[in-house]
Amino acid sequence: MSRLISVSYEGKPCYDILLEQDFQMLPSQIAKLSDSFAKKVCIVTDSNLADLYLKELESILSNSFAKVISFCFPAGEEHKNLNTIQKLYETLITEHFERRDVLIAFGGGVTGDLTGFAAATYLRGIDFIQIPTSLLSQVDSSIGGKTGVDFSKYKNMVGAFYQPKFVYMNLSLLKTLPKEQFISGMGEIIKHGLIKSSEYFNWLKEHADAIQNLQPDILEEMIYRSCRIKQDVVERDPKEKGERALLNFGHTIGHAIERLSDFQLFHGQCVALGIAAACQMSRDLGQISDEECNDILSVLTCFGLPVSVCHLSAEDILAVSKSDKKMTAGKIKFILLESVGNAYSNTDITDEQIMSGISYILERSDSRREEEQADAAGF
Numbered sequence: 019m020s021r022l023i024s025v026s027y028e029g030k031p032c033y034d035i036l037l038e039q040d041f042q043m044l045p046s047q048i049a050k051l052s053d054s055f056a057k058k059v060c061i062v063t064d065s066n067l068a069d070l071y072l073k074e075l076e077s078i079l080s081n082s083f084a085k086v087i088s089f090c091f092p093a094g095e096e097h098k099n100l101n102t103i104q105k106l107y108e109t110l111i112t113e114h115f116e117r118r119d120v121l122i123a124f125g126g127g128v129t130g131d132l133t134g135f136a137a138a139t140y141l142r143g144i145d146f147i148q149i150p151t152s153l154l155s156q157v158d159s160s161i162g163g164k165t166g167v168d169f170s171k172y173k174n175m176v177g178a179f180y181q182p183k184f185v186y187m188n189l190s191l192l193k194t195l196p197k198e199q200f201i202s203g204m205g206e207i208i209k210h211g212l213i214k215s216s217e218y219f220n221w222l223k224e225h226a227d228a229i230q231n232l233q234p235d236i237l238e239e240m241i242y243r244s245c246r247i248k249q250d251v252v253e254r255d256p257k258e259k260g261e262r263a264l265l266n267f268g269h270t271i272g273h274a275i276e277r278l279s280d281f282q283l284f285h286g287q288c289v290a291l292g293i294a295a296a297c298q299m300s301r302d303l304g305q306i307s308d309e310e311c312n313d314i315l316s317v318l319t320c321f322g323l324p325v326s327v328c329h330l331s332a333e334d335i336l337a338v339s340k341s342d343k344k345m346t347a348g349k350i351k352f353i354l355l356e357s358v359g360n361a362y363s364n365t366d367i368t369d370e371q372i373m374s375g376i377s378y379i380l381e382r383s384d385s386r387r388e389e390e391q392a393d394a395a396g397f
């Protein structure tokens, strides 16, 4: 069953998101785009996806474009940088790509962010299409027009707002997604319920078994509902001047952990850790109860997401959090919970309150390590 979501930008229809179970509808959807035939297309993908699906996608697109080429880069967040962008520019220049030509981002969030930034900046802007292949990119990074690359070890520090022409989601690709990456995507999905819909958060709890068993109809419903939540937010605040900042729930501390771990943890895992810390801070402020905080942690762990982290310093996490690009007038803009399904932005959080949240996820890690040591000793 197809699902269609139409996204507006600054009050005007901008692009469609189509949820399908295969690539069957892709050629006809491309044909609907104005003046699509006779253009050249470059499929941008990583080394993992290239081995699995690139030949199939090239064959499908050969009926819609006069020339199909591909640009493949090594998989991994460490390659989402200006060096990879430079190599992509060189490929496009060598192949004589013009403004009427098209880029296709075929992959997860790294590929989508990188391709979108290249599209926004090559010849001052050419069209691009998103074909997100990971759960995280389907529910998050492919929607809303944020593009960018990491600079040094600073995540997404260089980028642009640039909207795709179309987003096509082949949900069957999730069948070959590594388990760890599926779990990572759940970090963003749980976030959607926490910031905007307690009903959706409860639905996730009720359907946890079906979700983890990759039941197709439940997965489609989950992805559709998460996409609608993000659509609603980005339409009202396309350039993150207000409400869209709520989507950063769990990200300030999460990004710091991601950087300090040298990107060895998946993005959604780091978001989950940031959510756990933010829940502790919200509890400290008297906004959510002990029961609500524990329930959130239970849901995160139910889906295999971490709520504690080892071998990092609380002081280092705080310091890196303060280099986040979302700082406002020298203050960290923290997203916290007034209640489940109701998030808000707080710029008056003190270092002591932040350290309480950070220490919470480190203390839980220490407690767990002590329990494991006790078990090993036979206690």
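Here the working numbering is used: the first residue of the sequence shown is 19, the next is one more, and so on.
We put the CB at the ideal spot given by N, CA and C, even for glycine.
Keep in mind that this is a model prediction, so the values were computed, not measured.
{"Check": "Check each candidate in 27, 129 and 135 and name the one with the smallest Cα separation from residue 92.", "Outcome": "129"}
{"Check": "At which residues does the alpha helix (DSSP H) containing residue 69 begin and terminate?", "Outcome": "65-79"}
{"Check": "Considering only C-alpha positions, which residue in the set 359, 369, 263 and 261 is nearest to residue 299?", "Outcome": "369"}
{"Check": "Between the segment 218-225 and the segment 130-141, do at least 3 Cβ pairs fall closer than 8 Å?", "Outcome": "no"}
{"Check": "I need the DSSP call for residue 287, collapsed to helix, strand or coil.", "Outcome": "helix"}
{"Check": "CA-CA distance, residue 236 and residue 200?", "Outcome": "14 Å"}
{"Check": "With burial defined as no fewer than 16 other Cβ atoms inside 10 Å of the residue's Cβ, what is the status of residue 356: buried or exposed?", "Outcome": "exposed"}
{"Check": "Can you list, in chain order, the residues of its chain whose CB lies under 6 Å from that of residue 205, leaving out five sequence neighbours each side?", "Outcome": "286, 289, 290 and 323"}
{"Check": "By the 10 Å Cβ neighbour count, where 16 or more other Cβ atoms means buried, how is residue 388 classified, buried or exposed?", "Outcome": "Caution applies to residue 388, whose pLDDT of 49 falls short of 50 and renders its modelled position unreliable; the value that the coordinates give is listed next. Exposed, since its Cβ has fewer than 16 Cβ neighbours within 10 Å."}
{"Check": "Could you tell me the boundaries of the beta strand (DSSP E) in which residue 32 lies?", "Outcome": "30-38"}
{"Check": "Going along the chain, which residues of its own chain have a beta-carbon closer than 8 Å to the beta-carbon of residue 74, five neighbours each way excluded?", "Outcome": "41"}
{"Check": "Would you kindly check if the distance between the Cβ of residue 110 and the Cβ of residue 140 is under 8 Å?", "Outcome": "yes"}
{"Check": "Once you ignore the five residues that flank residue 305 on each side, which residues in its own chain have a CB closer than 8 Å to its CB?", "Outcome": "354, 355, 356 and 357"}
{"Check": "What does the alpha-carbon distance come out to for the pair residue 98 and residue 362?", "Outcome": "30 Å"}
{"Check": "On the DSSP letters alone, give me the boundaries of the alpha helix (DSSP H) that residue 90 sits inside.", "Outcome": "Note, residue 90: premise wrong, no alpha helix (DSSP H); beta strand (DSSP E) at 85-91."}
{"Check": "Just to confirm, is the Cβ distance from residue 183 to residue 145 under 8 Å?", "Outcome": "yes"}
{"Check": "Taking the alpha carbon of residue 262 as the point to measure from, which residue in 39, 276 and 210 has its own alpha carbon closest?", "Outcome": "210"}
{"Check": "Which residue marks the beginning of the beta strand (DSSP E) containing residue 235, and which one marks its end?", "Outcome": "Run containing residue 235: none in the beta strand (DSSP E); it sits in the alpha helix (DSSP H), 234-254."}
{"Check": "Near residue 51, which residues of its chain fall below 7 Å by C-beta distance, leaving aside the five closest residues on each side in sequence?", "Outcome": "183 and 184"}
{"Check": "Can you tell me which of the three DSSP states residue 22 falls into?", "Outcome": "strand"}
{"Check": "To which residues of the same chain is residue 173 closer than 7 Å at the C-beta, ignoring the five residues directly before and after it?", "Outcome": "273, 276 and 277"}
{"Check": "Hey, would you say residue 90 sits closer than 8 Å to residue 112, going by beta carbons?", "Outcome": "no"}
{"Check": "Buried or exposed: where does residue 328 fall if 16 or more other Cβ atoms within 10 Å of its Cβ makes it buried?", "Outcome": "exposed"}
{"Check": "Using only the alpha-carbon positions, how far apart do residue 391 and residue 377 sit?", "Outcome": "Caution is warranted here: a pLDDT of 41 is assigned to residue 391, below 50, making its placement in the model unreliable, and no coordinate value can be reported."}
{"Check": "Thinking residue 88 and residue 61 are a contact (beta carbons under 8 Å), I'd like their distance in whole angstroms, please.", "Outcome": "4 Å"}
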